[in-house]
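Asks: Just so you know, the protein sequences line up as chains A and B, in that order. For the first sequence, numbering that gives the first Met the number 0 assigns the number 0 to the initial residue and increments by one for each residue that follows. For the second sequence, numbering that gives the first Met the number 0 assigns the number 0 to the initial residue and increments by one for each residue that follows. Here's a structure for you.
Number of protein chains: 2
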Amino acid sequence: MFDYLRDPQEIYAKSFATIEAEANLARFSDAERPVAIRIIHACGMVDMADQIAFGGDVVNAATAALSRGKPILCDAEMVRHGIISRLLPNQNPVLCTLNDGNTHDLAARMETTRSAAAVEAWANHIEGAIIAIGNAPTALYHLLEAIHDGRLNKPAAIVGMPVGFVGAAESKDALIEHANGIPFVTLRGRFGGSAVTAATINALARLAR
Amino acid sequence: MFDYLRDPQEIYAKSFATIEAEANLARFSDAERPVAIRIIHACGMVDMADQIAFGGDVVNAATAALSRGKPILCDAEMVRHGIISRLLPNQNPVLCTLNDGNTHDLAARMETTRSAAAVEAWANHIEGAIIAIGNAPTALYHLLEAIHDGRLNKPAAIVGMPVGFVGAAESKDALIEHANGIPFVTLRGRFGGSAVTAATINALARLAR
């Protein structure tokens, strides 16, 4: 009835060829390039290439942490479920504390969102871990503050791509300005989300194998 | 350290006020408007208002099906995990057959993707159900063909928002042209994804309660 590509390998090849042809990838290093391509692939927008910001040697830092079996800490269940476990190089735990029993009460006590309160529960896992924030600007802000205050140890790398109209662009600017030496990758502006965040982690996992 | 909104209700209110101020919502009916707003909210892009296409009385069709307890059939685990179960009005099952045991073999036999083959497993659930396709163009194409051929019964409504560079825009055009009387909502162009798809289902679920 319809004439369309059905072969998965052909679909991937044509997708990546389109991205190479249309996206402005020239400014990325060889290490960053496959990550940028996967971000663009996940959202279907070649213009997003211009919004990607890498900080420090995030690809090496994240792949080394993944190879060592460090956990991936997610702000949302959709991020967690977008991470493809068979790609992870060392049975890395993928954790999301958003729906932990005490997050709701902690958020009320701290007068913040559940997403921000959930970051507090990362304390025992965060040192050298990989952060994957794909939903809540308040989670990214809270993370940066908790690291700055010394309440949380430093992760190996931050994938910070919250989305929305209130604080998303601003929290990502804050990451770029106040990463405190932690390597990161982000998307400037309002767009972000669980799909691009999970795609970034999956791209890093492929590079770590 | 940073000055940002922390109150969830204030964040929602300011987000929706921004969407009302910046997005072109004039062409939507009263029924469609809250769905359009949630789609824009999920992706952080007010321009996406111009890409939304509603077909038939999709809000009434989908909310009636949800109220009757009909299942929601998803093409991807990320879509399934983005649907907020406490919003569903009648303990609606949320199903994803992508990782069923025989999907891989069926895809090989049918010479198509796993996502398309997974649609075949919807046969016993699809009549009057709500479809949520947020990833694979081939799943949407396959669905339209299987309904056209009479191999699958008609669902109550199709949320069809696959994403990508190969077939995404084209499969959504096919939905608009060949919906076969089934009410639908889609996003023209390459952009789509699990977040906007789940947000659409969640918006419909809120209206059904």
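Note that CB positions come from ideal geometry on N, CA and C, so glycine has one too.
If we count the other Cβ atoms within 10 Å of its Cβ and call it buried at 16 or more, is B:Met44 buried or exposed?
Replies: Here residue 44 of chain B corresponds to residue number 45 of the second sequence, with the count starting at 1. Buried: at least 16 other Cβ atoms inside 10 Å.
Asks: Give me the residue from B:Asn123, B:Tyr140 and B:Gly133 with the minimum Cα distance to B:Arg79.
Replies: Residue numbering aside, residue 79 of chain B sits at position 80 when the second sequence is read from its first letter. The residue with the shortest Cα to Cα distance from B:Arg79 is B:Gly133.
Asks: Leaving out the 5 sequence neighbours to the left and right, which residues in its chain are closer than 6 Å to A:Gly192 when beta-carbon positions are compared?
Replies: In the first sequence, residue 192 of chain A corresponds to position 193, counting from 1. Contacts found: Gly133 and Val162.
Asks: For A:Ile214, would you say it is in contact with chain B, using Cβ-to-Cβ distances shorter than 7 Å as the test?
Replies: Residue coverage of chain A in this structure runs from 0 to 208, which leaves residue 214 of chain A outside it and unanswerable.
Asks: Would you tell me roughly how many angstroms separate the C-alpha atoms of B:Phe164 and A:Leu105, rounded to the nearest one?
Replies: Counting from one through the second sequence, the residue named residue 164 of chain B turns up at place 165. Counting from one through the first sequence, the residue named residue 105 of chain A turns up at place 106. One C-alpha to the other measures close to 43 Å.
Asks: Check each candidate in A:Ile10, A:Ala48, A:Ser14 and A:Glu9 and name the one with the smallest Cα separation from A:Ala280.
Replies: Only positions 0 to 208 of chain A appear in this structure, which leaves residue 280 of chain A out of reach.
Asks: Quick check on B:Asp74: buried or exposed, where buried means 16 or more other Cβ atoms within 10 Å of its Cβ?
Replies: On the second sequence, residue 74 of chain B is found 75 positions in, with the first residue counted as 1. That one is buried.
Asks: Using CA atoms only, rank isn't needed, just tell me which of A:Ala198, A:Ser170, A:Glu110 and A:Asn179 is closest to B:Arg231.
Replies: Given that chain B is displayed from residue 0 to residue 208, the structure contains no residue 231 of chain B and the question cannot be resolved.
Asks: Are the beta-carbon atoms belonging to B:Ala178 and B:Leu151 less than 7 Å from one another?
Replies: Locating residue 178 of chain B in the second sequence gives position 179, where the first residue counts as 1. Locating residue 151 of chain B in the second sequence gives position 152, where the first residue counts as 1. The answer is no: Cβ separation not under 7 Å.
Asks: Kindly list, in the order they appear in chain A, the residues whose Cβ is closer than 8 Å to that of B:Arg208.
Replies: Position 209 of the second sequence, counted from the first residue, corresponds to residue 208 of chain B. Simply none; closest approach about 21 Å.
Asks: Unbroken beta strand (DSSP E) runs of length 3 or more, entirely within the region 0–82 of chain A: which are they?
Replies: Qualifying beta strand (DSSP E) stretches, in chain order: 51–54 and 71–73.
Asks: Mapping the DSSP letters down to three states, classify B:Ile200 as helix, strand or coil.
Replies: On the second sequence, residue 200 of chain B is found 201 positions in, with the first residue counted as 1. In the structure shown, B:Ile200 sits in a helix (DSSP, three-state: H, G or I).
Asks: Restricting to runs no shorter than 3 residues, where is the beta strand (DSSP E) found entirely within the region 118–147 of chain B?
Replies: The qualifying runs are 129–132.
Asks: For B:Leu105, report the span of its alpha helix (DSSP H) as first-last.
Replies: Translated into positions along the second sequence, residue 105 of chain B becomes position 106. Where B:Leu105 is concerned, the enclosing alpha helix (DSSP H) stretches over Thr102 to Met109.
Asks: At a Cβ threshold of 7 Å, is A:Thr111 touching chain B?
Replies: Stepping through the first sequence from its first residue, residue 111 of chain A is reached at position 112. It does: the Cβ of A:Thr111 has a partner Cβ on chain B nearer than 7 Å.
Asks: Quick check on B:Gly81: buried or exposed, where buried means 16 or more other Cβ atoms within 10 Å of its Cβ?
Replies: Position 82 of the second sequence holds residue 81 of chain B. Counting Cβ neighbours within 10 Å, B:Gly81 comes out buried, since at least 16 surround it.
Asks: Count the CB pairs spanning the region 19–38 of chain A and the region 172–187 of chain B that are closer than 8 Å, and state whether there are at least three.
Replies: Counting Cβ pairs under 8 Å, fewer than three are found: no touch.
Asks: Looking only at C-alpha atoms, which of A:Thr196, A:Arg189, A:Ile175 and A:Lys171 sits nearest to B:His40?
Replies: Counting from 1 along the second sequence, the entry for residue 40 of chain B is found at position 41. Minimum Cα distance to B:His40 is reached at A:Arg189.
Asks: Which residues of chain A have a Cβ atom closer than 8 Å to the Cβ of B:Gly54, listed in chain order?
Replies: The residue you call residue 54 of chain B lines up with position 55 of the second sequence. Chain A residues near B:Gly54: none, gap ~17 Å exceeds 8 Å.
Asks: So which of B:Ile51, B:Met0, B:Met77 and B:Ser28 has the shortest CA-CA distance to B:Ala194?
Replies: Stepping through the second sequence from its first residue, residue 194 of chain B is reached at position 195. Ranking the options by Cα distance to B:Ala194, first place goes to B:Met77.
Asks: Would A:Ala156 and A:Ser66 qualify as a contact pair, given that the criterion is a beta-carbon distance under 7 Å?
Replies: Position 157 of the first sequence, counted from the first residue, corresponds to residue 156 of chain A. Position 67 of the first sequence, counted from the first residue, corresponds to residue 66 of chain A. The answer is no: Cβ separation not under 7 Å.
Asks: Could you tell me whether the Cβ of A:Ile10 comes closer than 7 Å to any Cβ of chain B?
Replies: Along the first sequence, one-based indexing puts residue 10 of chain A at 11. So yes, A:Ile10 belongs to the interface.
Asks: Determine which residues share a DSSP beta bridge with B:Ile157 and list them.
Replies: Residue mapping note: residue 157 of chain B aligns to position 158 of the second sequence, counting from 1. DSSP lists B:Ile130 and B:Phe183 as partners of B:Ile157.
Asks: Which value, in whole angstroms, describes the spacing of the CA atoms of A:Arg26 and A:Asp46?
Replies: In the first sequence, counting from the first residue as 1, residue 26 of chain A sits at position 27. In the first sequence, counting from the first residue as 1, residue 46 of chain A sits at position 47. One C-alpha to the other measures close to 14 Å.
Asks: Tell me the DSSP secondary structure of B:Leu86 in three-state form.
Replies: Numbered from 1 along the second sequence, position 87 holds the residue referred to as residue 86 of chain B. Note: B:Leu86 maps to helix in three-state DSSP.
Asks: Going by DSSP, what residues sit across from A:Val93 in a beta bridge?
Replies: Within the first sequence, the letter at position 94 stands for residue 93 of chain A. BP columns for A:Val93 point to A:Ile71.
Asks: Measuring only the C-alpha atoms, how far is B:Val58 from B:Leu97?
Replies: In the second sequence, residue 58 of chain B corresponds to position 59, counting from 1. In the second sequence, residue 97 of chain B corresponds to position 98, counting from 1. Rounded to whole angstroms, B:Val58 to B:Leu97 spans 26 Å at the Cα level.
Asks: Can you give the Cα-Cα distance for B:Leu87 and A:Ser114, rounded to whole angstroms?
Replies: Within the second sequence, residue 87 of chain B is the residue found at index 88, counting from 1. Within the first sequence, residue 114 of chain A is the residue found at index 115, counting from 1. Going from the Cα of B:Leu87 to the Cα of A:Ser114 covers about 22 Å.
Asks: Using the C-alpha atoms, what's the distance from B:Ala197 back to B:Val118?
Replies: Position 119 of the second sequence, counted from the start, is the residue given in the question as residue 118 of chain B. Position 198 of the second sequence, counted from the start, is the residue given in the question as residue 197 of chain B. Those two C-alpha atoms are separated by around 18 Å.
Asks: Taking the alpha-carbon positions, what's the A:Lys69 to B:Gly149 distance?
Replies: Start at 1 with the first residue of the first sequence, and residue 69 of chain A comes out as number 70. Start at 1 with the first residue of the second sequence, and residue 149 of chain B comes out as number 150. Taking the straight line from one Cα to the other gives about 50 Å.
Asks: When you compare each of A:Cys42, A:Ala204 and A:Ile71 to A:Ile130 by their alpha carbons, which one comes out closest?
Replies: Counted from its first residue, the first sequence places residue 130 of chain A at position 131. Per the Cα distances, A:Ile71.
Asks: Taking the Cβ atom as the reference point for each residue, do A:Gly166 and B:Tyr11 lie within a distance shorter than 7 Å?
Replies: As a working mapping, residue 166 of chain A is identified with position 167 in the first sequence. As a working mapping, residue 11 of chain B is identified with position 12 in the second sequence. No, these two residues do not count as a Cβ contact at 7 Å.
Asks: Using the beta-carbon of each residue, which ones in chain B are nearer than 9 Å to A:Pro92?
Replies: For the purposes of this step, residue 92 of chain A is identified with residue 93 of the first sequence, where counting begins at 1. Here the premise fails: no neighbours, minimum Cβ distance about 17 Å.
Asks: Could you spell out where the alpha helix (DSSP H) holding A:Asp172 opens and where it closes?
Replies: Here the question's residue 172 of chain A lines up with position 173 in the first sequence. First-last of the alpha helix (DSSP H) with A:Asp172: Ala167 to Glu176.
Asks: What's the C-alpha gap between A:Asp140 and A:Ile125?
Replies: Here residue 140 of chain A refers to the residue found at position 141 when the first sequence is read from its first residue. Here residue 125 of chain A refers to the residue found at position 126 when the first sequence is read from its first residue. The residue asked about is misnamed: residue 140 of chain A is Tyr in this sequence, not Asp. Their backbone Cα atoms lie some 16 Å apart in a straight line.
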